[in-house]
Structures are given as C-alpha cells and as structure tokens.
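**Student:**
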Amino acid sequence: MTAVAAAAFHEGEQRMQARAGVRDRLAEIGPRVIRAHMPDQHRSFFEQLPFLVLGLVDAQGQPWASVLAAAPGFVQSPHDTRLDIAALPFAPDPVQAGLVPGAAIGLLGIEPHTRRRNRANGVVERVDAAGFSVQVTQSFGNCPKYIQPRKAEFAPRARPAAALMERSDALDAEAVRFIAQADTFFIATAHPASVAQDKVRAQGVDVSHRGGPAGFVRVNDAHSLTVPDFIGNFFFNTLGNLLLNPRAGLVFIDPVRGDLLYLAVEVRIEEDSAALAASEGAQRLLQMRVTQMQRLRGALPLRWR
Numbered sequence: 212m213t214a215v216a217a218a219a220f221h222e223g224e225q226r227m228q229a230r231a232g233v234r235d236r237l238a239e240i241g242p243r244v245i246r247a248h249m250p251d252q253h254r255s256f257f258e259q260l261p262f263l264v265l266g267l268v269d270a271q272g273q274p275w276a277s278v279l280a281a282a283p284g285f286v287q288s289p290h291d292t293r294l295d296i297a298a299l300p301f302a303p304d305p306v307q308a309g310l311v312p313g314a315a316i317g318l319l320g321i322e323p324h325t326r327r328r329n330r331a332n333g334v335v336e337r338v339d340a341a342g343f344s345v346q347v348t349q350s351f352g353n354c355p356k357y358i359q360p361r362k363a364e365f366a367p368r369a370r371p372a373a374a375l376m377e378r379s380d381a382l383d384a385e386a387v388r389f390i391a392q393a394d395t396f397f398i399a400t401a402h403p404a405s406v407a408q409d410k411v412r413a414q415g416v417d418v419s420h421r422g423g424p425a426g427f428v429r430v431n432d433a434h435s436l437t438v439p440d441f442i443g444n445f446f447f448n449t450l451g452n453l454l455l456n457p458r459a460g461l462v463f464i465d466p467v468r469g470d471l472l473y474l475a476v477e478v479r480i481e482e483d484s485a486a487l488a489a490s491e492g493a494q495r496l497l498q499m500r501v502t503q504m505q506r507l508r509g510a511l512p513l514r515w516r
C-alpha cells in the first residue's frame, strides 16, 4: 500500500477489507474519496442541517453517540477544514464528558428525506458556553443505502432537566419494545489510539448510520442484541474500529416523543455463523452485549414527517 492509502485507512479497516477481498481496490480508491478537507458541497450541506450526529469517548474509554439539534445554520464552515457548531449536548448527555479541546470526534451529517449523508471526523479545538469547533482531518461521503426517508424539522422545546436521565445496566421493557420496532440507529466507535494528542487522519472516533426494515435489530434479552451488517461501501470504518476496540456507543431516536436512548455495548463480529441465514442480505452479524443504558426523555427538538 502507498503511504497515502495507509493514511486513508488504519490497520483494522485494512484487515476487514482484506477479508472481504477488496483491500487492493480500496487502497486505490481511498485517497481519492477520503480527503483531509471538506469540499464546498459538504460544507454547504452541513450548514443547512437541523441536526448533527456526533461520537466522542469518555474518560473511561467508552465511545458514545448522540444528536445535536438547532435551527438550520447552527453549523458553519468558515473554511474547508473547520466546522463551528453553535450548540452543546445537554448536561446529562453521555457525550458531554468527552467534549473537551483536543478530543477526537466523529461527525455525521444526514438528511434522511433526501438520503444524503456526509462524514467529517477530526479534533475538537474550542469549547465554550455557545458551542464548539472542530478541526476536520477526514471528510468523505456515504451512499444512500438503508436510510429511511423522513424529514426532520427543528421544533424548539424546553430543555429537559438532568433528573429525567434514566440509567440502568440492562434494557428495560420499554427499551426492548422500542428497539424491536426501530429502523434506524447511530453507532460511535473509536480506534484504540484515539487519545487527546492523536491527530492521525485515519485513527480517531467515527460515528455511523445503521438502518434496515423495522425490527432489523434483534433483541435477544435484556443484555444482548444482534445486528445484521449489510453490504456497504467497504470502507469498514465502524467494523475496522471494532476489530481493534470492541466497545461502541449506540443512540436510538424516538421520532414521536424526542427521547434519546443511549447504549454502551461490547461488540463481537461474526462472519461465519448459521444465524446469518436468518438475516437476509447480511454479510456478517454484530453480537452486542449491553453494558449500560441511558434514556433522556424529550431531549431532541425535532419534528419528523
């Protein structure tokens, strides 16, 4: 592999690409589509969104995914390697602890009704009472597969109190019912070297969309989930991180009530399993052990249609 390609994909991603038989092809494609700056199309895309998905790692090394929402324009790009975000997570949000200068961060802009999505990973530069800024070190687009088309509109509501955060070390009955009907979630993962001082392009925090027909996530019991992994762009950003660091953070959005359901999980990748036959189109299965559940009610000021 060339030095440029090595900067586009880290060792975990390369190993997953080799297993899928696409490593040589991705070594050629990667440097062309994964950039160290945002093209103008991506910059304008982020600036018109009413919500942004982010991934961060807390002091215990646990990745978390969450969602920020505000009036369109709350994300600005003053130049092609910077995003300024005029919003902050709620104080009880689990990503709050990881939002500090120097932290690796993963960002996903997604517009479900047009099925567009773009990624911007990098390093947190500034955090203050008004928001934060990100130095973008990795920018690329994703295909529209598995995005369920619904439109999000900003709908201001009162911020929930910290007392409304519910915590458990297992899924409760409400979470089981909700996940069993979900068609979308977001997953944050992190390379083991994602520490404050590490700004290497391919080694950082990543947050990704996962979608499928309602019920595509199987709840085995209060402590475990099975998620099919469908064919994608073969970058293996999520799975490459999981191969090296099995911890991940999931967030599910309740589009009716605005609740956010956060899960901390440990993931095992199954590529040869009889259970694959029960998940049509799945290339592999992600077996997830739930270590923590948090629920923030009424947190997301969005109306969906």
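Using my numbering, you'd call the opening residue of the sequence shown number 212 and step up by one each time.
Note that beta-carbon positions come from the ideal geometry of N, C-alpha and C, so glycine has one too.
Which residues in the same chain have their Cβ closer than 6 Å to the Cβ of Q307, if we skip the five residues on either side of it in sequence?
**Tutor:** P300
**Student:** Assess, as a yes-or-no matter, whether the segment 223–240 is touched by the segment 278–285 under the definition of 3 or more beta carbon pairs within less than 8 Å.
**Tutor:** no
**Student:** Say whether the segment 492–510 touches the segment 331–348, bearing in mind that this needs 3 or more beta-carbon pairs closer than 8 Å, one atom from each stretch.
**Tutor:** no
**Student:** Do F441 and G426 have their C-beta atoms within less than 8 Å of each other?
**Tutor:** no
**Student:** Ignore the nearest five residues each way along the sequence and tell me which others in R378's own chain have a CB closer than 6 Å to its CB.
**Tutor:** Q505
**Student:** Compute the beta-carbon to beta-carbon distance between G320 and L267, rounded to the nearest angstrom, for a pair I have assumed lies under 8 Å.
**Tutor:** Actually they do not touch by this definition, with Cβ atoms about 16 Å apart.
**Student:** Grouping DSSP H, G and I as helix and E and B as strand, with all else coil, what is G519?
**Tutor:** Summary: the structure shown does not reach residue 519, with the chain confined to residues 212 through 516, and so no result is reported for it.
**Student:** Give the DSSP bridge partners of G266, in chain order.
**Tutor:** A276, G317
**Student:** Along the chain, where does the beta strand (DSSP E) that runs through V335 open and close?
**Tutor:** 327–339
**Student:** Across which residues does DSSP place R458 in a beta bridge pair?
**Tutor:** E477
**Student:** Out of F365, L294, A302, point me to the one whose CA is closest to R330's CA.
**Tutor:** L294
**Student:** Among S435, T437, I480, Y473, which residue has its Cα nearest to the Cα of V455?
**Tutor:** A small correction: the amino acid at residue 455 is Leu; Val does not occupy that position in the sequence shown. Per the Cα distances, I480.
**Student:** Buried or exposed, going by whether 16 or more other CB atoms sit within 10 Å of the CB of Q252?
**Tutor:** exposed
**Student:** Looking at chain C, is there any beta carbon in it that lies within less than 8 Å of the beta carbon of L454?
**Tutor:** Of the chains in the structure shown, none is chain C; there is only one protein chain.
**Student:** What residue from V278, A231, Q259, D304 has the CA that sits closest to D483's CA?
**Tutor:** A231
**Student:** Quick one: give me the first and last residue of the beta strand (DSSP E) that A493 is part of.
**Tutor:** 493–507
**Student:** Relative to the alpha-carbon of T400, which residue among P323, L450, A281, G469 has its alpha-carbon at the smallest distance?
**Tutor:** The shortest C-alpha separation from T400 is found at L450.
**Student:** For the structure I just gave you, are there three or more beta carbon pairs, one from the segment 465–475 and one from the segment 269–280, closer than 8 Å?
**Tutor:** yes
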